[in-house]
Amino acid sequence: MKTLLAFLILATAAPTLQAGHCAPYVVSTCVVCARTECRYAYDHCGRPFSYEVRVVTYRAHYNTGATITFTKTYRA
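Going by this note's numbering, the sequence shown opens with residue 6, and the numbers climb by one from there.
Printed below as a string of structure tokens:
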């Protein structure tokens with residue numbers, strides 16, 4: 006019974022594991038824009054303070070020719 010169950014699980018997963026059906030992968034990533042922004046927040050007493058963050062925009066190129074653009078924010 007265990008062998009039959011294992012065969013059924015592998016048989017249903019086999020079409021997704023065929024050659025040529027690989028998921029797209031990132032070929033390269035480049036920086037599109039990098040800038041520093043001043044932001045404001047409040048401390049526990051309600052007083053405002055400023056701080057700087059680094060905002061970097063990236064573009065990722067995939068093996069299929071597709072590209073995506075995303076932004077990450079880092080505390081400077």
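Beta carbons: idealized from backbone N, C-alpha and C, even for Gly.
For a test of the three-state rule: what should DSSP assign to Thr69, helix, strand or coil?
For the purposes of this step, residue 69 is taken as residue 64 along the sequence shown, with counting starting at 1. Coil, per DSSP.
Inspect the beta-carbon positions of Arg59 and Ala81 and report whether they are closer than 7 Å.
Numbered from its first residue, the sequence shown carries residue 59 at position 54. Numbered from its first residue, the sequence shown carries residue 81 at position 76. Cβ distance < 7 Å, so Arg59 and Ala81 count as in contact.
Alpha carbon of Ser55 to alpha carbon of Cys35, nearest angstrom:
Mapped onto the sequence shown, residue 55 falls at position 50. Mapped onto the sequence shown, residue 35 falls at position 30. Cα to Cα, the separation comes out at about 30 Å.
What residue range does the beta strand (DSSP E) around Ala46 cover?
Against the sequence shown, residue 46 aligns to sequence position 41. Unbroken beta strand (DSSP E) run through Ala46: Val31 to Tyr47.
When the distance is taken between beta carbons, is Phe75 closer than 7 Å to Tyr67?
By one-based count along the sequence shown, residue 67 stands at place 62. By one-based count along the sequence shown, residue 75 stands at place 70. Going by C-beta atoms, Tyr67 is not nearer than 7 Å to Phe75.
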